[in-house]
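>
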Amino acid sequence: MSPPQEKCLPRKSLPPGIAAAGIWLICACSSTYASQSALQPGGPLAKAIADLFWGMVAIGGIILFIVLAMLAVALLRARSKAEPKPLTFTQSRNLVFVSGVVIPALILTVFVISSAAVNREIVAPMPEHALTIQVTGHQWWWEVDYLDTEGNHVAKTANEIRIPVGKPVRIALEASDVIHSFWIPQLNGKTDMVPGKRNLTWVKADRPGSYLGQCTEFCGKQHAKMAFTVDAVPEEEFDAWLQRQAQPAREPATENESKGRQVFLRSSCAMCHAIRGTSALASVAPDLTHIGSRKTLAAGTLENMPGTLSSWILSPQSFKPGSHMPATVLAGEDLGNLVEYLLSLE
Amino acid sequence: MTDSASIQHDEETRQLERTWASPPGFFAWFTHVNQTNIGMRFIVTGFVFFILGVILALLMRLQLAVPENDFMDPETYNQVFSMHGITMMFLFAIPVMEGFAVYIIPLMLGTRDMTFPRLNAFGYYIYLIAGVMMYVALLLKIAPDAGWFSYPPLAGAGFSPGLGLDFYTTVITFMEISALVAAIEIIATIFKCKVPGMSLNRMPIFVWAMLVMSFMIVFALPPLVIASLMLALDRMAGMHFFTAASGDPILWQHLFWFFGHPEVYIIFIPALGMVSSIIITFTQRPIFGYIPIVLSIVAIGFIGFGLWVHHMFTAGLPQLGSNFFTASSAMIAIPSGVQIFCWIATLWGSKPKLATPLLHVLGFFLIFIIGGLSGVMVASVPFDMQAHDTYFVVAHFHYVLIGGAVFPLLGGLYYWYPKFTGRMMSERLGKIAFWVTFAGFNLTFFPMHKLGLDGMPRRVYTYLDGLGWNEANFFISISSTVLALGFLLTLVNALASLKRGKVAGDNPWNADTLEWATSSPPPSYNFRHIRTVDSRYPLWSGTGGLEQNPVVTGIRSDRREILLTSILESHPEARQPLPGPSPWPFWLAVATALTFAGLMVHMAIPLLGFLLCFIAITGWIWPKQLGAAK
């Protein structure tokens, strides 16, 4: 488990000491990609955009400085005792033409060309056999499907994306309800997920690590709590992980887990969630086949631990008001078994 | 033409007063049609909505001051941020700019009223009723909650089933009637009511700016009216214009931004006119580059219609086309640059008087240039893919809208206040207010650039701890109170100066345009003598100024009458009688509002509304013999 999950802890649920330690940890990690900043790129696309940004800031800063300096000189001259000496007509005309038309036109030409050049990198065609991940936006979570080169479905997960480091990955974006927008600031700019359309984007992570993402198109009540993580791992590790994810859920190993599965299947859980390998096959809500291997719950809202998971099941509305998950009333023992079962699904 | 100093209470003056008087009394208030009355109502109502918008912004900052705050639930926050946008764009910016136009333009043109006084009053009541309805909805917690942009499918019936979005579609649709009628009236007045001698090339730059603004309204608002009607039909009758199933959600974005981007310039262009007016007056010299400035304003008006797609760079449109919109967006920098350097050339070597209005213009320079530069940045498709829908964009457009429009507007308020009220606002308090506003503005909005690049999206009701956003958000929330204090000081100044301000006289700033050639506040008939003009700066021209110029004669004073002149050269063409006070504009506005609002409740109410509209229109146009002298 890598550090960024700490970010998902609600502050209130922690004793102050742990919170302070958490904050320290986050600060310590902020240099190692545990941030959501577009200015700390983790891949070539975000890097190209960040470079473009700094170039624009430099030139813009110079322009701002020069114009304000001219304004200041104009005003300070007025303060001097000497009789004011206005610009002659020719001087004024040349000032306006050169600094108001010629210079901006030249700078803007360079700007448009460099912007288009960076844009070309971003929309460059992908290698035919690149890995494709299909991400579907839902109110308020992310459905993640791994496709093989023929476009066949390999594995399904939610709210956490894993990619092989150093490889370009094609991301196909869809939405099931309203418009969402898929953004991983450290890897690439955002692209909208529009219902009825399929948009494409791609990412490549230069170094292993965890990158944070968030929905950036207003999508209703819980737009604020619709985050996800992207973990870049070495390719062998990725392949092994994907194989595990493609498997159906493991069978209960203990009696409690077995009871937990019974609870899952006979309560309202199975009406929305799927656990592959059981009779629960609904696709309204996140697939829980390997929920035990995930770091967060409810699209980055809570850390995935027994305590938070049971609170979430009992009362999702107190963590994410408006969420489409209804509260589930369960007896203490049933809840315990259910949580034990779910967390065993690695 | 110093009427006020020596109003001769001759028979004709008394007759003019009788003819143009607005009847006193509460109920008669609803019959007033004089342009100064209606213009002032637009301005005051606009500023009231501005205050409400600021209060909503402060509530948002209170919620966002700390992570995971539970001051507001998401539903409330979404209504508040939506209403903040709707208020500032629809209920404050356009009406207040139109208010300045309605009040000042006839005075600048040297005419006694606008061409369609009753239409003017009708537009005001539509606006007032629409604004009140929106705030009633907010108080009842049924305000729109999908943003001022209300993208479907979120804004469709499926995902926003409540009344909130119905308020949005119906109220936005009929509210735009107000902006449209005012725009048409401003255009007609500018073209046909210039005083003889004021040919187009002698018209004040402020008037040019308002003319361009009005044309932009005429072309930009109908797409919004159509789009919001289509959305209403989607919601109420299942028409599937914008649904994913058999319509296209992207179509709404095109239509909305085809209005929405020009809207920004509709707000910004009048401010450019105010800046030019203030610079001319406080440097006490003709502006350098009248023609380039006018052409720049017109150019912005045209280019403003060609860059709406830069709001949709992340929607998945083809990239080649998007690059074209990068170029057109960047192009705006050139006419803006031309104006900035014309102003600098005018300031250079003058002895500018650093009074409060000019201070606001200098503040405008700094803020607007920063906003312009960040605007060029977000015009770049790749950079916009990072900045779009983050706090970087929030910072950017507050820099251009507050810096580019609100600062000149406040400058304009200090500048024209003596004309509106007859008294000066306090200079000392004005300067303090300026510096507090200026500091508060930059402290509030500059850090948002960083916050956006650090990954904070817009329109979030809260954020989790530990993303590195806490300090910036807390700082911004504190700073926003400084900004609000600055606005409050100006408000206090304006209210206190009503009674206590120094008496202004006709022309306290020694300005050049005709509104300063009459008393402050102007009489109901604007000018006792209408004098022809012979230069761009009529009050400064020649040795004796305007006093030497011939007076227009033959305009009747026993009935409301104005002189119509030709568009280009302002040759006198005709005398036009104008209608006087009437309650019908008010009743028609009520009937119109009932027709639209009734859609939300029951289909029978619009039918009743149509009937009432018919009655009101009949009453409005019921023929009467004009000008029967008493």
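Chain order of the listed sequences is G and L.
For the first sequence, position 284 (counting from the first letter as 1) is numbered 284 according to my numbering, and the numbering increases by one without interruption.
Here my numbering runs 1000 ahead of the position in the second sequence, where the first position is 1.
The beta carbon of each residue, even a glycine, is placed where N, CA and C say it ideally should be.
Predicted model, so just to flag it, every value in this text is computed and none were measured.
Along the chain, where does the beta strand (DSSP E) that runs through L:L1564 open and close?
1561–1565
> Which residues, in order along the stretch 1509–1540 of chain L, keep a beta-carbon less than 7 Å from a beta-carbon of chain G?
none
> So for L:P1262, helix, strand or coil by DSSP?
helix
> For G:V135, which three-state DSSP category applies?
strand
> Considering only residues of the stretch 154–224 of chain G, which uninterrupted beta strand (DSSP E) runs meet the minimum length of 3 residues and lie entirely inside it, listed in chain order?
160–164, 169–175, 180–184, 188–193, 199–203, 209–215
> Which same chain residues, not among the five before or five after L:F1191, have their C-beta less than 6 Å away from its C-beta?
I1567
> Counting along the chain, where does the beta strand (DSSP E) carrying G:Q40 start and finish?
Note, G:Q40: premise wrong, no beta strand (DSSP E); not H, not E.
> In its own chain, which residues sit with a C-beta less than 6 Å from the C-beta of L:Y1525, not counting the 5 before and 5 after it?
L1016, W1020, R1112
> Of all Cβ atoms in chain L, is any one closer than 8 Å to the Cβ of G:R77?
Yes, G:R77 lies at the interface with chain L (some Cβ there is under 8 Å from its Cβ).
> When the Cα of L:Y1135 is compared with those of L:T1481, L:P1161, L:Q1079, which residue comes out closest?
L:Q1079
> Could you pull the start and end residues of the beta strand (DSSP E) that L:Q1666 belongs to?
What is shown of chain L runs 1001 to 1630, which leaves residue 1666 of chain L out entirely.
> Comparing the C-beta of G:V135 with each C-beta of chain L, is any distance below 8 Å?
Taking Cβ atoms only, chain L never reaches closer than 8 Å to G:V135, which makes this a no.
> Under 7 Å between beta-carbons, which chain L residues line up against G:N119? List them in chain order, please.
Q1319, N1323, V1381, P1382
> Just the C-alpha distance for L:L1563 and L:W1587, rounded to the nearest angstrom, thanks.
29 Å
> Can you give the beta carbon distance from L:A1183 to L:S1214, rounded, assuming they're within the 8 Å contact cut?
4 Å
> Do three or more CB pairs link the stretch 162–173 of chain G to the stretch 218–238 of chain G at distances below 8 Å?
Contact holds: three or more Cβ-Cβ distances are below 8 Å.
> Under 8 Å between the Cβ atoms of G:T229 and G:G300?
yes
> State the beta-bridge partners of L:I1038 as determined by DSSP.
Note: L:I1038 sits in no beta bridge, so no partner.
> Would you tell me roughly how many angstroms separate the C-alpha atoms of L:G1440 and G:F65, rounded to the nearest one?
21 Å
> Is the CB-CB distance between L:P1352 and L:T1283 below 8 Å?
yes
> Below 7 Å CB to CB, which residues in the same chain sit around L:T1532 once its five sequence neighbours on both sides are set aside?
Only V1195, P1196, G1197, N1549, P1550, V1552 meet the Cβ criterion.
> Run through chain G and tell me which residues come within less than 7 Å of L:R1459, C-beta to C-beta.
F218, H223
> Just reading off the alpha helix (DSSP H) that G:L147 is part of, what are its end residues?
Per DSSP, G:L147 belongs to no alpha helix (DSSP H); it is in the beta strand (DSSP E), 141–147.
> Quick one: measure Cβ to Cβ for L:Q1253 and L:M1312, integer angstroms, because I've assumed they're closer than 8 Å.
Confirmed, about 5 Å.
> Using 8 Å as the Cβ pair cut-off and three pairs as the minimum, do the stretch 1038–1046 of chain L and the stretch 1114–1130 of chain L touch?
Cβ pair count under 8 Å is three or more, so yes.
> Going straight from the alpha carbon of L:V1394 to that of L:I1402, what length do you get?
Between the alpha carbons of L:V1394 and L:I1402 lies a distance of about 11 Å.
> Just how far apart, CA to CA, sit L:I1217 and L:V1132?
A straight line joining the alpha-carbon of L:I1217 with that of L:V1132 spans about 22 Å.
> At a CB-CB cut-off below 8 Å, which residues of chain G make contact with L:K1351?
Those are A78, P84, listed as they occur along chain G.
> How would you label L:H1602, buried or exposed, when you count the other beta carbons within 10 angstroms and need 16 or more for buried?
Burial call: exposed.
> Kindly indicate if chain G contains any beta-carbon less than 8 Å away from that of L:L1119.
no
> Among L:I1267, L:W1348, L:D1234, L:T1013, which residue has its Cα nearest to the Cα of G:R93?
L:W1348
> Classify G:W141 as buried or exposed, calling it buried when 16 or more other Cβ atoms lie within 10 Å of its own Cβ.
By the neighbour-count rule (16 or more Cβ atoms within 10 Å), G:W141 is buried.
> Measuring straight from C-alpha to C-alpha, what distance separates L:S1582 and L:R1428?
42 Å
> Should L:V1338 be labelled buried (16 or more other beta-carbon atoms within 10 Å of its own) or exposed?
buried
> Below 7 Å CB to CB, which residues in the same chain sit around G:K47 once its five sequence neighbours on both sides are set aside?
P41
> Residues of chain G with a CB under 7 Å from the CB of L:G1316: which are they?
T191, D192, V194, K197, N199
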